[in-house]
Amino acid sequence: MEMILDNKYELINIIGRGNFGVVFLAKDQRLGRKVAIKEARTGHITEGEIEVLKNIKHAGLPEIYDCWSDGNNDYLVMEYIEGTTLLDYMRSKGKVGETKALDIIGQLCDILKVLHESKPTIIYRDLKPSNIIITPEERVVLLDFGAVVKRDYSDIESKANYGTRGYSAPEIFKSQKAEKSADIYSIGKILRELLTCEHPDDKKVTADNIRFRNRSISKKTEQIVLKCTQENPLKRYQNVDEIKNDINDFRKMGSRNIAFEIRKILVAFLYMFLLAMLIKPIITKGIDLSYEYIGVLIICIAITLLIHMSIIYFPRGRRTAVTKEKQIWLTEKKMPGLWLIGVFIIGMLLGKTQNIRNDMWVDLVDNSDRKVLLKDNCVYKVEDKVTLEIPSESLPQKPVAVTVIAKTSSGDLYESREFLLSN
Amino acid sequence: MKYLSSAYWDAGSRNRNEDSLLLEVERTFRGQLIYGMVCDGIGSLEEGEKASGYILEEIHSIMEEKVLPKLINGRSLFFARRILLQAIFKLYKQFAEYAVYKNINLGSTFSFLIIFKKRFLIIHLGDSAIIKIKRNKSKIITPIHHNTDGSLSHCIGNCRYQKPYVASGFIHRNEGFLICTDGFIKRKSDYAYGLNPKDIESEEQIEIRLKEIGKKLKKLGEKDNISAIYIVPRKDIFIWK
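Order-wise, the sequence lines are chains A and B.
Here the first sequence is numbered in numbering that gives the first Met the number 0, starting from 0 and rising by one per residue.
Here the second sequence is numbered in numbering that gives the first Met the number 0, starting from 0 and rising by one per residue.
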C-alpha cells in the first residue's frame, strides 16, 4: 500500500475496520513518527470524539494530532498505540488471572474516572474488549470515541444506536439514555469475560455466578462483577471510584481464594503420592512392564484424575448458585400461627390417643355433592342421604378394615358392617 | 429464556384484601426459574386472608426446601408436580383440623404456575384463573371450578378433597401468562389489549398495564378483591454497531 494523505501521511497498512470506516497505520513524513489515521464517511467522525481527544490528556487516551475532511471522508490523525486489543489478548491467553484482570479493570477505571469527572461529564457508552488496547508494557489504552455522549448536553438521549449486545447496558438499547452506570455495567461484563473467557452474549451463559465458571475466583471479585452488572442502574456502583475502592480492598485482603489454594495443594500432594507409588516398584524391582503393573498404573491414574476433578472442577453446593432476583409477597395475613395451631391440635390428638394414628381423613358430602360444613353443636338434617368420602391419599399402603360407628346423644351405638379398603 | 414479571394487588371496595399472591424469580445456573401463585380466600367464610396467606407460606417453604434444590440438581417439573400435590393434600388436612379446632369454615382457591427451562407447570383449584395471552388474544387455560348453582366446587379447605387440575407444556416466545383471581375475570375485559407480549418491554410497563386494567374493572363496578401476576418471556434486543 503506497498512498500519501494530505501530502504528509504515508499509509502503511490497515490496522482496524469498523462499520463507520477504516483505521490505517501511517507515517508522518515530516516528523518521522508513526500515526494512526481513522478514515470515515463524512459526518461519522463526531465533534464529540474530536473534542474528547483534544481536551482530555491522559496516558490511557491516544493523543490527537490532526483532523480534516476532503468532502467524501473525514480523517482523524491520532497517536499510534502499539499493542493488541483486549479481545486478541484474551484469545491468545485464555482466562486471565484474577489479579491481572483486576489490574486491567483498575486501569480502565482510572481512564473512565477522567471522562466521567470532566465537565460536562463524558459517557463512553461502547466499552468492549475490541476498543481496549493492551500495550507491551501492560498499559491499558482506550480507543474509538465514536459513541461518546456528554451527559449535561441535550444528546443525553442520543438517537444513534450505539452499543454492543452483551457489553452495553440494557437501558442504552431501551431508551438510549446514557449515564455513568452504563459504563460501569460494561466494566462488569468485561471483568466477567476476563475471568471466565465467556463472551457475555453467549446463549449458554445463564448464571452470573462466575465462581461456578472459574472456581479460583474470590468472593469479593464475584461481588464486584455482580454489582456492576445489575439490571437496575441504581443498584450498580454509582461511580468508578467505588469499584477502585473494592479492588483496593481485594488487594489488601490478599488476592487469593484460600480454600481453592488448599485444594490445589491437596491435589499436588495427590499427584506426588501417585508418582511415588509408580516409581517405588521400578526402583525396588527394576523396569517390569507386567500386566499387573500396567493394571495398577491405570487404576491409580483413574482414581487420581477422579479425585482431582471432584476437588477442583465439579461444582459443589449448587443451592448457593441460586440468586433471588425478585420476590413479591402480598398478603394481609399477619399472624403466622395457623400452622402452629395445627401442630398443637395434632399434638393434642396424638397425646390423647396413643395407639391410634389420627390421619384417616373422612369428608361428609351431601346429596348435592357438597362438603357438609361441620360446626360444634350443629345438627345436620339429612334429606336424602349423606356420603362419607375418604381420599385415597389418606389410606395406608396395606388394606384397612373400616367400620362406621354412630353414637346418639343418649349413648346408643350403631355399627355398620366392616369393609376393606386399599390404596 | 428470561422473563419479565410483575404483580397487582388491590382490595377493591372491600375493607380487607383476602387475596394473597407470591411471585418469585430465582436465577440459577440452569437458567431463570420463576413461579407465581394467587390464592383467593373465600369471602363468605371466616378468615379468608389467613387461609390464602397460609397456603402461600406453606407452598413457598416447600418450594424453597424441597422443590428448588432438586430442580436445580436436574430433576424435572414432574418431580415438582408430585411434591406440590402431596403438599396440597396436607394443606387440605390441616385446614380441616384447623376448622374443627376453631369451629369455623375457611377456604381458599389456588392457582400456581412455575416456569423453568422453557417448560411450565400449572396446578389449579377453584375459580381464580390462569390466562394465556398470545398476540391480541387471551384464553383461560384453567377450568373454573363451579357447581351448577354457581358456588365453588373446588378449593383448599372448605370443599371436599378433589385432585387439583394439573397442566404442563412448553413456553413459546410470544406467550404471556396471567395468573389472577376471579375479581379480575368476572367483568369481561380485554386483557390482551394492554398485555400483548409483543408490546411488553419492561416490568414497569407490566405494572402500569395491570394497574390500568384494575382501574378499568373498578369503573365497570367490580367490588371484589383484584389480584394478578403477569409473566412474559423477555424480548431479546439485537442492535449491532
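Ideal Cβ positions, reconstructed from N, Cα and C, are used throughout, including at glycine.
All values derive from a computational prediction rather than experimental measurement.
Listing by chain order, which chain A residues have their CB less than 7 angstroms from the CB of residue i?
i	result
residue 24 (chain B)	324, 325
Can you grab the Cα-Cα spacing for the pair residue i / residue j, in whole Å?
i	j	result
residue 397 (chain A)	residue 421 (chain A)	6 angstroms
residue 177 (chain A)	residue 125 (chain A)	10 angstroms
residue 11 (chain B)	residue 45 (chain B)	19 angstroms
residue 114 (chain B)	residue 80 (chain B)	12 angstroms
residue 108 (chain B)	residue 40 (chain B)	6 angstroms
residue 130 (chain A)	residue 141 (chain B)	52 angstroms
residue 187 (chain A)	residue 227 (chain A)	5 angstroms
residue 52 (chain A)	residue 61 (chain A)	7 angstroms
residue 353 (chain A)	residue 28 (chain B)	Because the pLDDT of residue 353 (chain A) is 47, which lies under 50, any placement of that residue in the model is unreliable, and the number read from its coordinates should be weighed accordingly. In a straight line, the C-alpha of residue 353 (chain A) is about 48 angstroms away from that of residue 28 (chain B).
residue 299 (chain A)	residue 284 (chain A)	19 angstroms
residue 223 (chain A)	residue 34 (chain A)	37 angstroms
residue 76 (chain B)	residue 388 (chain A)	30 angstroms
residue 126 (chain B)	residue 116 (chain A)	58 angstroms
residue 17 (chain B)	residue 154 (chain B)	14 angstroms
residue 411 (chain A)	residue 404 (chain A)	10 angstroms
residue 164 (chain B)	residue 184 (chain B)	19 angstroms
residue 32 (chain A)	residue 26 (chain A)	6 angstroms
residue 11 (chain A)	residue 40 (chain A)	20 angstroms
residue 19 (chain B)	residue 175 (chain B)	21 angstroms
residue 244 (chain A)	residue 327 (chain A)	33 angstroms
residue 261 (chain A)	residue 271 (chain A)	15 angstroms
residue 408 (chain A)	residue 377 (chain A)	13 angstroms
residue 169 (chain A)	residue 163 (chain A)	10 angstroms
residue 137 (chain B)	residue 167 (chain B)	18 angstroms
Of the choices the options, whose alpha-carbon is the least far from that of residue i?
i	options	result
residue 116 (chain B)	B:3, B:13, B:32, B:20	B:32
residue 293 (chain B)	A:329, A:249, A:69	The question about residue 293 (chain B) has no answer, for chain B in this structure spans 0 to 240.
residue 297 (chain A)	A:277, A:165, A:96	A:277
residue 368 (chain A)	B:106, B:102, B:150	B:150
residue 121 (chain A)	A:197, A:137, A:144	A:144
residue 201 (chain B)	A:172, A:219, A:7	A:172
residue 179 (chain B)	B:124, B:94, B:49	B:124
residue 91 (chain B)	B:230, B:105, B:207	B:105
residue 306 (chain A)	A:332, A:269, A:66, A:258	A:269
residue 23 (chain A)	A:8, A:192, A:31, A:104	A:8
residue 322 (chain A)	B:68, B:110, B:194	B:68
residue 194 (chain A)	A:180, A:218, A:182, A:179	A:218
residue 179 (chain A)	A:79, A:136, A:119	A:119
residue 137 (chain A)	A:267, A:99, A:74	A:99
residue 29 (chain A)	A:215, A:6, A:20, A:56	A:6
Output, in chain order, the set of chain A residues within a Cβ distance shorter than 8 angstroms of residue i.
i	result
residue 182 (chain B)	By Cβ distance, chain A contributes nothing, its closest Cβ being about 14 angstroms from residue 182 (chain B), past 8 angstroms.
Let's see if you can read the secondary structure: which residues bound the alpha helix (DSSP H) around residue i?
i	result
residue 77 (chain A)	Per DSSP, residue 77 (chain A) belongs to no alpha helix (DSSP H); it is in the beta strand (DSSP E), 72 to 78.
residue 195 (chain A)	179 to 195
residue 204 (chain B)	202 to 218
residue 221 (chain A)	218 to 227
List the endpoints of the continuous beta strand (DSSP E) containing residue i.
i	result
residue 98 (chain A)	Unbroken run through residue 98 (chain A) is the alpha helix (DSSP H), 97 to 116; no beta strand (DSSP E).
residue 414 (chain A)	412 to 414
residue 379 (chain A)	Residue 379 (chain A) -> no beta strand (DSSP E), and no H or E assigned at all.
residue 326 (chain B)	No answer is possible for residue 326 (chain B): the residues shown for chain B start at 0 and end at 240.
residue 27 (chain B)	18 to 27
residue 406 (chain A)	404 to 406
residue 32 (chain B)	30 to 39
residue 142 (chain A)	Residue 142 (chain A) -> no beta strand (DSSP E), and no H or E assigned at all.
residue 386 (chain A)	385 to 388
residue 68 (chain A)	63 to 68
Give the residues of chain B in contact with residue i, contact being defined as C-beta atoms less than 7 angstroms apart.
i	result
residue 364 (chain A)	159
residue 430 (chain A)	Any answer about residue 430 (chain A) is impossible in this case: the structure gives chain A only from 0 up to 422.
residue 67 (chain A)	Residues of chain B passing the Cβ test: none, with the nearest at roughly 25 angstroms.
residue 329 (chain A)	6, 8, 19, 20
residue 61 (chain A)	By Cβ distance, chain B contributes nothing, its closest Cβ being about 19 angstroms from residue 61 (chain A), past 7 angstroms.
residue 382 (chain A)	Result: empty, since nearest Cβ-Cβ is about 16 angstroms, beyond 7 angstroms.
Counting only Cβ pairs nearer than 9 angstroms, list the residues of chain B close to residue i.
i	result
residue 221 (chain A)	None at all; the shortest Cβ gap to chain B is about 13 angstroms.
residue 388 (chain A)	159, 160
The ligand ZN and residue i: does the residue's C-beta get closer than 7 angstroms to at least one heavy atom of that ligand?
i	result
residue 163 (chain A)	In terms of ligand content, the structure shown is empty, and the ligand ZN therefore cannot be addressed.
Mind listing the chain A neighbours of residue i? Cutoff is C-beta to C-beta under 9 angstroms, in chain order.
i	result
residue 16 (chain B)	329, 330, 331
residue 76 (chain B)	Here the premise fails: no neighbours, minimum Cβ distance about 17 angstroms.
Fill in: Complete runs of the alpha helix (DSSP H) confined to the stretch 229 to 287 of chain A [at least 4 residues]
Fully enclosed alpha helix (DSSP H) runs of no fewer than 4 residues occupy 239 to 252, 257 to 284 of the stretch 229 to 287 of chain A, in order along the chain.
Worksheet item: Whole beta strand (DSSP E) runs in the stretch 66 to 107 of chain B with 3 or more residues, listed along the chain?
Response: Scanning the stretch 66 to 107 of chain B from its first residue to its last, no whole beta strand (DSSP E) run of 3-plus residues comes out.
Fill in: Completely contained beta strand (DSSP E) runs for the stretch 113 to 179 of chain B, where each covers 3 or more residues
Here the runs fully enclosed are 118 to 124, 128 to 133, 136 to 139, 164 to 169, 174 to 179.
Worksheet item: What beta strand (DSSP E) runs, 3 residues minimum, are completely inside the stretch 0 to 34 of chain A?
Response: Counting whole runs of 3 or more residues, the stretch 0 to 34 of chain A contains the beta strand (DSSP E) stretches 2 to 4, 8 to 16, 20 to 27.
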